[in-house]
Structures are given as structure tokens and as C-alpha cells.
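Residue numbering for the sequence shown follows numbering that gives the first Met the number 0, beginning at 0 and increasing consecutively. Here a beta-carbon is modelled for each residue, glycine too, at the ideal position from N, C-alpha and C. Before any comments, here is the structure.
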Amino acid sequence: MEAVIKSLGLNATLVAQIFNFIILLIFLRVVVYKPLVNVIEQRQNAIAKNVAAAEEERKQAEALRQQYLADMQKAKEEAQAIIQQATKTGEAQAQQIIEAAKAEAARIKDSALQDIAREKEKAVAELRDQVVTLSILVAGKIIDQKMTGDIQHSLVQQFIKEAGDLPC
0 MEAVIKSLGL NATLVAQIFN FIILLIFLRV VVYKPLVNVI EQRQNAIAKN VAAAEEERKQ
60 AEALRQQYLA DMQKAKEEAQ AIIQQATKTG EAQAQQIIEA AKAEAARIKD SALQDIAREK
120 EKAVAELRDQ VVTLSILVAG KIIDQKMTGD IQHSLVQQFI KEAGDLPC
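What follows is the structure, given as C-alpha cells:
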């Protein structure tokens, strides 16, 4: 082998270094390369899992966001419906209160008009009673006296004076 090496013009140290380099490469391939490739593959798998998990979490977050927006829209619609219903109810109650107040005012007015009519009839009846009483008194005085123009005039003046004193 030495003859082959010398015939090629190679130095024994150089061949030994090449031989050692090849053994080192085989050793590195067997001992270091496979574990290093395994570590890199594990790292790639871990990164891929993390990316997939992050993507899944992003999708879940987007779904939650959409659900939240839908719930907020539904809550707004429900609140608007409640406000509209309350407004309608309030308006209906206000209308009922107004109608009840009008009915009560009409009832009070009718009652007052009836009271006024009764008081008027009562006053007219009292006035008639007093007129009848005065007429009877005048007739009694006329019968007691002889009727002359002066007496008649004085009786009319007395009747007017007494009628003026009546509470009307």
C-alpha cells in the first residue's frame, strides 16, 4: 500500500488524514447526524403543532367574536323592542288616564248642572211660596179696606217694597 501511495505522490500523513476524515464523517453520521435530524424534526413538529394550535385558537376566537357580535345585536334588538313596547304601553296608559279624566270631568259637570237645576227649582219654589203669601196678604188687606185709587196705589207700592225685600 505504501508503494501505491508513493507512486501517486501522496504523503502518508495526507492519506491518514483523509482516512480519519472519512471515519469522522461516518461517526458523525451515525452518532450526531441522526440525533440532530431527530431534534430538528421534533422541533419542526412542535412548531407545526404550535402553528396549528394557534390557528385553531384564532378560529375559536373568531367564532366567539362572531357569537359575541350576534348576541350584542340580539340584545340591541330586544332592548329596542322593550323600549317600543314600553312607549306603546305608556301612550295607552296616558290615553286611558286622559279618557278617565274627561269622563270624571263630564260626570262632575253633569252633577254640578243637576245641583244648579235643583237649587234653581228650589229657589223658584220658595219665590212662588213667598209671592203666594204676599198675594194672600195683599188680598186680605184689600178685602179689609175699601178700594180707592189712592189705596190701590199705596198697596202696589207696599207690594213692590215687600217684594224687593225678598231674597232672590
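- When the distance is taken between beta carbons, is F158 closer than 8 Å to L133? Cβ distance < 8 Å, so L133 and F158 count as in contact.
- Can you tell me whether DSSP reads N10 as helix, strand or coil? Reduced to three states, the DSSP call for N10 is coil.
- Where in the stretch 47-74 do unbroken runs of the beta strand (DSSP E), each at least 3 residues long, occur, reported from the N-terminal end onward? You should have found no qualifying run.
- Item | 7 Å CB neighbourhood of F20 in its chain, flanking five on each side removed | Annotation for F20: no residue places its beta carbon closer than 7 Å to its own, counting only its chain and skipping 5 residues before and after.
- Identify every run of the beta strand (DSSP E) within the stretch 16-42, keeping only runs that are complete inside it and at least 3 residues long; order them along the chain. Those beta strand (DSSP E) runs which fall completely within the stretch 16-42 and span 3+ residues do not exist here.
- Expressed to the nearest angstrom, what Euclidean distance is found between the alpha-carbon atoms of V31 and E61? The straight-line gap from Cα to Cα measures roughly 44 Å.
- Message: Rounded to whole angstroms, what is the Cα-Cα separation between V123 and T86?
- Response: Rounded to whole angstroms, V123 and T86 show a C-alpha spacing of 54 Å.
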